[in-house]
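This report refers to the structure that appears directly beneath it.
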Amino acid sequence: NAGVTQTPKFQVLKTGQSMTLQCAQDMNHEYMSWYRQDPGMGLRLIHYSVGAGITDQGEVPNGYNVSRSTTEDFPLRLLSAAPSQTSVYFCASTSGNTIYFGEGSWLTVV
Amino acid sequence: KNEVEQSPQNLTAQEGEFITINCSYSVGISALHWLQQHPGGGIVSLFMLSSGKKKHGRLIATINIQEKHSSLHITASHPRDSAVYICAVIDDMRFGAGTRLTVKP
């Protein structure tokens with residue numbers, strides 16, 4: 007039981023490049039979510055999904071896309087990276103009132 | 048939207064001291080989480096509270112639903128407690144900005 011697996015751990019992108027952050031969970035949780043964490047600010051919700059085929063926007067969705075084709079996987083896509091998207095990204099999986107986080111992805115856009 | 052406020056932002060303590068971190072929120076909730084984030088990033092859930100008080104070892108969390116306030120206490124603090132502590136309202140996925148705790152030997 008691996009919990010929530012998030013990759014890559016570190017990534018440097020050039021402005022305008024695209025990339026996908028991968029997130030997978032093996033706990034059969036319906037609810038998954040993506041956050042970004044910036045200095046001095048709390049975790050902010052980017053997108054979330056309440057089950058396969060269902061996604062919705064969170065607090066800061068602009069510049070990001072998600073899809074949920076299976077219960078296990080919830081990838082986050084940056085379509086055209088911008089320096090403002092330099093941040094630490096966390097994927098989470100929730101069951102009832104229990105939340106599990108991935109290890110985080112450090113993304114730098116230059 | 049629920050506003051989640053934490054205090055203090057930074058806290059430095061000597062080993063053995065009693066620590067208190069506070070969290071307040073603006074809208075009624077069903078449950079609040081306290082999370083711990085160590086250097087290097089991993090975030091783990093310490094407590095989920097819907098009422099009263101919970102205790103795990105040297106950590107105690109309390110919540111007052113009427114006053115919309117929760118506290119995390121650490122007794123006999125130790126350098127290994129150094130981390131960022133985050134309160135979270137899972138109902139609408141909102142998080143406090145975190146309290147960076149440093150415990151010096």
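In order, the protein sequence lines correspond to chains D and L.
Position one of the first sequence corresponds to residue 7 (the working numbering), numbered consecutively onward.
Position one of the second sequence corresponds to residue 48 (the working numbering), numbered consecutively onward.
The beta carbon of each residue, even a glycine, is placed where N, CA and C say it ideally should be.
Model, not experiment: these values are computed from the prediction.
Between the options, which lies nearest to residue i when the distance is taken from Cα to Cα?
{"i": "Thr149/L", "options": "Gln53/L, Pro55/L, Ala60/L and Ser54/L", "result": "Ala60/L"}
{"i": "Pro152/L", "options": "Tyr132/L, Arg127/L, Asp138/L and Thr67/L", "result": "Arg127/L"}
{"i": "Val51/L", "options": "Leu93/L, Ser117/L and Gly88/L", "result": "Ser117/L"}
{"i": "Thr104/D", "options": "Gln12/D, Gln17/D, Leu19/D and Met38/D", "result": "Met38/D"}
{"i": "Leu119/L", "options": "Gln113/L, Ser77/L and Ile68/L", "result": "Ile68/L"}
{"i": "Ser55/D", "options": "Gly9/D, Thr100/D, Phe107/D and Val116/D", "result": "Thr100/D"}
{"i": "Trp81/L", "options": "Gly89/L, Leu96/L and Gly75/L", "result": "Leu96/L"}
{"i": "Gly69/D", "options": "Phe16/D, Gln28/D, Thr11/D and Gln23/D", "result": "Gln23/D"}
{"i": "His53/D", "options": "Gly64/D, Tyr106/D and Gly102/D", "result": "Gly64/D"}
Between the C-alpha atoms of residue i and residue j, what's the straight-line distance to the nearest angstrom?
{"i": "Gly59/D", "j": "Leu51/D", "result": "19 Å"}
{"i": "Cys97/D", "j": "Thr26/D", "result": "13 Å"}
{"i": "Val136/L", "j": "Ser73/D", "result": "24 Å"}
{"i": "Leu84/D", "j": "Ala30/D", "result": "17 Å"}
{"i": "Thr114/D", "j": "Ser90/D", "result": "9 Å"}
{"i": "Thr109/L", "j": "Ser98/L", "result": "8 Å"}
{"i": "Glu114/L", "j": "Asp62/D", "result": "31 Å"}
{"i": "Ser111/D", "j": "Ala87/D", "result": "15 Å"}
{"i": "Tyr22/L", "j": "Gly143/L", "result": "Examination of residue 22/L is not possible in this model, given that chain L is present from 48 through 152 alone."}
{"i": "Ala14/L", "j": "His35/D", "result": "No answer is possible for residue 14/L: it lies beyond the span of chain L, which begins at 48 and ends at 152."}
Could you tell me which residues DSSP pairs with residue i in its beta bridges?
{"i": "Asn113/D", "result": "Note on residue identity: the sequence assigns Leu, not Asn, to residue 113/D. Paired residues: Gln17/D and Ser93/D."}
{"i": "Val91/L", "result": "Gln83/L"}
{"i": "Ser71/L", "result": "Glu52/L and His116/L"}
{"i": "Ser98/L", "result": "Paired residue(s): none; Ser98/L is not in a bridge."}
Taking C-beta pairs closer than 9 Å, name the residues in chain D that residue i reaches, listed in chain order.
{"i": "Ser92/L", "result": "Thr104, Ile105, Tyr106 and Phe107"}
{"i": "His85/L", "result": "Going along chain D, no residue has its Cβ under 9 Å from His85/L, so there is no contact; the nearest lies around 11 Å."}
Note down, in chain order, every chain D residue with its Cβ under 8 Å from the Cβ of residue i.
{"i": "Val51/L", "result": "Gly48"}
{"i": "Ala78/L", "result": "Asn103"}
{"i": "Ile68/L", "result": "In chain order: nothing, as chain D lies at least about 14 Å away."}
{"i": "Gly143/L", "result": "Gly48"}
Mind pulling the chain L residues with CB within less than 9 Å of residue i?
{"i": "Ser39/D", "result": "Met140"}
{"i": "Tyr54/D", "result": "Met140"}
{"i": "Thr100/D", "result": "Ile137 and Met140"}
Run down chain D in chain order and give the residues with a C-beta less than 7 Å from the C-beta of residue i.
{"i": "Ala108/L", "result": "Those within 7 Å of Ala108/L in chain D number zero; the least Cβ separation is about 14 Å."}
Who are the neighbours of residue i on chain L, taking C-beta pairs under 8 Å?
{"i": "Val94/D", "result": "Gly88"}
**Message:** Please give the ranges of any beta strand (DSSP E) in the segment 100-147 of chain L, keeping only runs that are unbroken, at least 3 residues long and fully inside the region.
**Reply:** 106-111, 116-121 and 130-136
**Message:** To test your reading of the DSSP string, which unbroken beta strand (DSSP E) runs of 3 or more residues are found completely within the segment 21-85 of chain D?
**Reply:** Taken in chain order, the complete beta strand (DSSP E) segments of 3 or more residues contained in the segment 21-85 of chain D are 25-31, 37-43, 50-57, 60-63, 70-72 and 82-84.
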